[in-house]
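Residue numbers (the numbering used here), protein chains in the order written: chain H, 1 to 400; chain Z, 1001 to 1400. Report on the following structure.
2 protein chains.
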Amino acid sequence: MAAAPTFPAIDPPDILLYGPGPSIVHPRIYRAMMAPVVGHLDPAFLAIMNETSEMLRQVFGTQNRVTFPVSGTGSAGMEAALVNVIEPGDPVVIGVNGVFGERMCSIVERCGGTLHRVDAPWGRILPPDQIIDAMRQSGAKVVAVVHAETSTGVAQPLEEIGRAAAESGAIFVVDCVTSLSGMPIDVDRRQIDIAYSGTQKCLNAPPAMAPITFSDKALARVRGRKTPVQSWYLDVTMIEQYWGKERTYHHTAPITSVYALHEALRIVLDEGLEHRFERHRRNAQAMAAAMAAFGLELLVPEDERLWTLVTPRVPEGVDEAAIRAHLREWFHIEIAGGLGPLKGKIWRIGLMGEGSQARNLETLLGAFGHVLRQSGWEVDPGAGVSALNRYYREQYERPH
Amino acid sequence: MAAAPTFPAIDPPDILLYGPGPSIVHPRIYRAMMAPVVGHLDPAFLAIMNETSEMLRQVFGTQNRVTFPVSGTGSAGMEAALVNVIEPGDPVVIGVNGVFGERMCSIVERCGGTLHRVDAPWGRILPPDQIIDAMRQSGAKVVAVVHAETSTGVAQPLEEIGRAAAESGAIFVVDCVTSLSGMPIDVDRRQIDIAYSGTQKCLNAPPAMAPITFSDKALARVRGRKTPVQSWYLDVTMIEQYWGKERTYHHTAPITSVYALHEALRIVLDEGLEHRFERHRRNAQAMAAAMAAFGLELLVPEDERLWTLVTPRVPEGVDEAAIRAHLREWFHIEIAGGLGPLKGKIWRIGLMGEGSQARNLETLLGAFGHVLRQSGWEVDPGAGVSALNRYYREQYERPH
């Protein structure tokens, strides 16, 4: 006799995901995940791996041979990026202007690296000259910054740091978790040595994997180590032999997650990178106009903003968490609050891939206006939608 | 204008997965993965997490509070198990009788542990008294063995080691990747401190996560460390605050993979653990009879065999890889070959969850008999099917 099941089948609600990730999953990706699982050394899967790497190179803007998804979520990508190139005692410069810079510092310490942090206020960029000075003064072997700080909404300039790192020989590591496929990364042009991301942001797949790319300079650093990479699971010298020609078994790849990523990348390249970047840029501006119409200030100055995440300040007297709960309960819409020192002070609204399109923004702004008004904030609930559409009308033939 | 996609949509073949994993995915699991992705702090997801932990406790046979899936495949579970409890200089005993014991040794060295290996021939168990002697002589802080050696098909006895570890205070770590839900684990009864597994073996979900459980004794060891856990991503003291009551954000959980695991566990508990274990035991015996009918010897002596993987020796003069290629090409069936010193010498045939049922075994044995005969091995191609059915007929009312 079969026993009764302990719990009923899952039945999660259909939430419009406007937080900082996971983002709205594209229907084509759900469908791709239904493809039958095959073995991790099956010829059919090896072909899918090759195609996935090739599409990732296009989206990262790189010719790097070693470009593949790490078998873990975005933070596994961060750990993979750092543990492979840091040895005990190595001077490492980390730029910190949010949660993810802080996280990098914790990883550097766990690797035994000698940490040199450069801090900037949460909500502002790290001045490149400060990073470069710290790099030169410390003789840094590795310098790392977050391109898209998901905790604040800041877009970090990369060119000058890339140039300086190339001159000094430091390995330049960049966190692109919230920018990949929403903003140009240009790994090769910007002389980035290691860049990593996640599948659940602008790629619109479920959280599962962390795309990463290593330059030849980064790989030479790994091969020249005096100590083994402290993580077996994330050791790039072994993983690359599975993703590369050798096909040496390392760990069992998450087959279905690779299917999902493959489809996500096809969707991105179907649209075309330039069109996709421009769409994100425009919709971020339209959203800024809508926030202004609600009388909300943005945390980040205009020329330092991400195109993939908008972070309005919570007005005095408004209960940040109540607004979110109200949106979730009445409208089945998720947005997020601030973290750490910004807890209760900002909202974080992701504009990632499928999230960055006019239809969904109308829905979001209609509902957001309503809950703002209900909370007592004296605002026309339709002001956001009006501003959004005025922006589209004045600037473009049609919304994206 | 949208650019043309770089590659066509994936279209992997429907392969009957009889290798050592990934195993046949249950149709209910594919369906569960279509549930809409929600946020990783959404109340609906938090409830699913709690249910998943509760069902994992039942399948592991434990009351351990800290029981959850690691966000990576089985090897991430191994790394999580070891890096949390090993500090530099700690004496660690590892039993090695296959690939996965070797892998543990590599991780111990990367943690700076002082490695004491106990070796046994590949295809035989580790004599418990040898493990216990090594543990006592080295003053081991941690002792680890593989319950189900996926590279050989050996089932390791655990009781005596568990008792001795409990007496000595060593942390007892057990790899259950290929046994969880196919054979009893009995974490609490056997005094196992940390056990881990994978989703793509007897649970029949896609590879994605590594279920793990920590005893209070293991957690006390982690909390008493003098050095930080070297992996940020796998640091159980932080992950438990997300899976536990605090719900502190650590990393974004792989939502869809948790849905898949939740459904996998429901399927296991629907069947009932006792029934499921007995099914695996019987079908492993039936398969042994079938292999004997083909004139194939098994690598592992009868009383040391797994119920979830059978490992026949390749007869003299038969091309091991050609048999596999033939099965894959003509019948769309996957089995695996040996690794390391067993390369070319054995086949590895998984009998995991959905794989361990009469209907699929008939298919496998019919095809296997055919390709064996075609290879020149003088055998009745139907001998395997005959032996399987004779076993069912003589032993039981009906096959499982």
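We treat Cβ as the ideally placed atom computed from N, Cα and C, and that holds for glycine.
Whole angstroms is fine: what's the gap from L1269 of chain Z's alpha carbon to N1204 of chain Z's? In the second sequence, counting from the first residue as 1, residue 1269 of chain Z sits at position 269. In the second sequence, counting from the first residue as 1, residue 1204 of chain Z sits at position 204. Going by the C-alpha atoms only, they are around 13 Å apart.
Could you name the residues of chain H that A1035 of chain Z contacts, counting a contact when the two beta carbons are closer than 8 Å? Mapped onto the second sequence, residue 1035 of chain Z falls at position 35. In chain order: I10, D11, P12.
Counting only beta-carbon atoms, is W307 of chain H nearer than 8 Å to chain Z? Taking the first residue of the first sequence as position 1, residue 307 of chain H is located at position 307. No, because no Cβ of chain Z sits closer than 8 Å to the Cβ of W307 of chain H.
With three or more beta-carbon pairs closer than 8 Å as the criterion, would you say the region 92-112 of chain H touches the region 257-271 of chain H? no
Contact residues within the region 1045-1069 of chain Z, judged by C-beta distance below 8 Å to chain H: F1045, I1048, E1051, E1054, M1055, Q1058
Can you tell me where the beta strand (DSSP E) holding W1347 of chain Z begins and where it ends? Residue 1347 of chain Z sits at position 347 when you count from the first residue of the second sequence. Counting along the chain, the beta strand (DSSP E) containing W1347 of chain Z begins and ends at 1347-1350.
Verify whether the separation of the beta carbon atoms of G1077 of chain Z and Y1196 of chain Z is less than 8 Å. For the purposes of this step, residue 1077 of chain Z is identified with residue 77 of the second sequence, where counting begins at 1. For the purposes of this step, residue 1196 of chain Z is identified with residue 196 of the second sequence, where counting begins at 1. Their beta carbons are under 8 Å apart, which means G1077 of chain Z touches Y1196 of chain Z by this criterion.
Whole angstroms is fine: what's the gap from P12 of chain H's alpha carbon to R1247 of chain Z's? Within the first sequence, the letter at position 12 stands for residue 12 of chain H. Within the second sequence, the letter at position 247 stands for residue 1247 of chain Z. Roughly 18 Å between the two C-alpha positions.
Would you mind telling me which residues of chain H sit closer than 7 Å to S1106 of chain Z, beta carbon to beta carbon, in chain order? Stepping through the second sequence from its first residue, residue 1106 of chain Z is reached at position 106. Near S1106 of chain Z (Cβ distances below 7 Å), the residues of chain H are W232.
Helix, strand or coil at F1368 of chain Z [DSSP, three-state]: Within the second sequence, numbered from 1, the residue matching residue 1368 of chain Z stands at position 368. F1368 of chain Z: helix per DSSP, three-state reduction.
Would you decide whether I10 of chain H is buried or exposed? Buried here means 16 or more other CB atoms lie within 10 Å of its CB. Taking the first sequence and counting its residues from 1, the one referred to as residue 10 of chain H is at position 10. The residue in question, I10 of chain H, is buried, as its Cβ has 16 or more Cβ neighbours within 10 Å.
I'd like to know whether the C-beta of I1015 of chain Z is nearer than 8 Å to at least one C-beta of chain H. Locating residue 1015 of chain Z in the second sequence gives position 15, where the first residue counts as 1. With 8 Å as the cut-off, I1015 of chain Z counts as an interface residue toward chain H.
How would you write the range of the beta strand (DSSP E) that H1116 of chain Z sits in, first residue to last? Mapped onto the second sequence, residue 1116 of chain Z falls at position 116. From DSSP, the beta strand (DSSP E) with H1116 of chain Z extends over 1114-1119.
Measure the C-alpha to C-alpha separation of D133 of chain H and V143 of chain H and round it to an integer number of angstroms. Along the first sequence, one-based indexing puts residue 133 of chain H at 133. Along the first sequence, one-based indexing puts residue 143 of chain H at 143. Taking the straight line from one Cα to the other gives about 11 Å.
Would you mind reading off the limits of the alpha helix (DSSP H) that contains I1161 of chain Z? Position 161 of the second sequence holds residue 1161 of chain Z. From DSSP, the alpha helix (DSSP H) with I1161 of chain Z extends over 1159-1168.
Quick one: which chain Z residues come within Cβ less than 9 Å of A38 of chain H? As a working mapping, residue 38 of chain H is identified with position 38 in the first sequence. As written in the sequence, residue 38 of chain H is Val, which differs from the Ala given in the question. Here the neighbours are P1012, P1013, D1014, I1015, L1017, P1022, E1334.
With a threshold of 8 Å between beta-carbons, can G1153 of chain Z be considered close to chain H, or not? Residue mapping note: residue 1153 of chain Z aligns to position 153 of the second sequence, counting from 1. For G1153 of chain Z, the answer is no, since every Cβ of chain H falls outside 8 Å of its Cβ.
Using a cut-off of 8 Å between C-beta atoms, extract the partners of E1079 of chain Z located in chain H. Position 79 of the second sequence, counted from the first residue, corresponds to residue 1079 of chain Z. Within chain H, the residues near E1079 of chain Z are S231, W232, Y233.
Three-state secondary structure (DSSP) at M1183 of chain Z? In the second sequence, the residue the question calls residue 1183 of chain Z occupies position 183. The answer is strand: DSSP assigns M1183 of chain Z an E or B state.
Using C-beta distances below 8 Å, list every residue in its chain close to Y259 of chain H, excluding the 5 sequence neighbours before and after it, in chain order. If you number the first sequence from 1, residue 259 of chain H lands on position 259. Answer for Y259 of chain H: A32, M33, A35, I48, listed in chain order.
Please confirm whether L1269 of chain Z has its beta-carbon closer than 8 Å to some beta-carbon of chain H. In the second sequence, the residue the question calls residue 1269 of chain Z occupies position 269. Closer than 8 Å: yes.
By the 10 Å Cβ neighbour count, where 16 or more other Cβ atoms means buried, how is A1002 of chain Z classified, buried or exposed? Start at 1 with the first residue of the second sequence, and residue 1002 of chain Z comes out as number 2. Low confidence applies here, because A1002 of chain Z scores a pLDDT of 49, under 50, leaving its location unreliable; read the following figure in that light. A1002 of chain Z should be labelled exposed.
Alpha carbon of Y249 of chain H to alpha carbon of I346 of chain H, nearest angstrom: In the first sequence, the residue the question calls residue 249 of chain H occupies position 249. In the first sequence, the residue the question calls residue 346 of chain H occupies position 346. When rounded, the distance between both Cα atoms is 46 Å.
Would E79 of chain H pass as a contact of W1307 of chain Z if the rule is Cβ separation under 8 Å? Counting from one through the first sequence, the residue named residue 79 of chain H turns up at place 79. Counting from one through the second sequence, the residue named residue 1307 of chain Z turns up at place 307. No; because the gap between Cβ atoms is not below 8 Å, this pair is not in contact.
Taking only runs of the beta strand (DSSP E) that begin and end inside the region 1189-1218 of chain Z, which ones reach a length of at least 3 residues, in chain order? 1194-1196, 1210-1214
Does the Cβ of Q156 of chain H have 16 or more other Cβ atoms within 10 Å, making it buried, or fewer, making it exposed? For this step, residue 156 of chain H is matched to residue 156 along the first sequence. Buried, because 16 or more other Cβ atoms sit within 10 Å of the Cβ of Q156 of chain H.
Name the one or two DSSP bridge partners that D1175 of chain Z has. If you number the second sequence from 1, residue 1175 of chain Z lands on position 175. Answer by DSSP bridge pairing, in chain order: Z:V1146, Z:Y1196.
Residues of chain H with CB closer than 8 Å to the CB of G1074 of chain Z, please, in chain order. Residue mapping note: residue 1074 of chain Z aligns to position 74 of the second sequence, counting from 1. Ordered by position in chain H, the residues that pass the 8 Å Cβ test against G1074 of chain Z are H251, T252.
E87 of chain H beta carbon less than 8 Å from that of K226 of chain H: Residue mapping note: residue 226 of chain H aligns to position 226 of the first sequence, counting from 1. Residue mapping note: residue 87 of chain H aligns to position 87 of the first sequence, counting from 1. Yes; because the gap between Cβ atoms is below 8 Å, this pair is in contact.
Contact list for F7 of chain H against chain C, beta-carbon separation under 8 Å: Protein chains in the displayed structure are H and Z, and chain C is not among them.
Output yes if chain Z places a C-beta closer than 8 Å to the C-beta of Y391 of chain H; else output no. In the first sequence, the residue the question calls residue 391 of chain H occupies position 391. Not one chain Z Cβ lies under 8 Å of Y391 of chain H.
So F71 of chain H contacts chain Z; which residues on that side make the cut at Cβ distance below 8 Å? As a working mapping, residue 71 of chain H is identified with position 71 in the first sequence. For the record, residue 71 of chain H in the displayed sequence is Ser; it is not Phe. Those within 8 Å of S71 of chain H in chain Z are G1072, T1073, A1076.
List the residues that DSSP assigns as beta-bridge partners of G1095 of chain Z. To locate residue 1095 of chain Z, count along the second sequence from 1; it is residue 95. Partner(s): Z:V1118.
If contact means a Cβ-Cβ distance below 8 Å, which residues of the region 1108-1124 of chain Z contact chain H? E1109, R1110, C1111
Using beta carbons (cut-off 8 Å, strictly below), is A1208 of chain Z in contact with chain H? The residue you call residue 1208 of chain Z lines up with position 208 of the second sequence. A1208 of chain Z counts as touching chain H.
Nearest CA to the CA of V1177 of chain Z: which residue from Z:K1201, Z:R1189, Z:R1190, Z:S1168? The residue labelled residue 1177 of chain Z in the question sits at position 177 within the second sequence. Answer by Cα proximity: Z:K1201.
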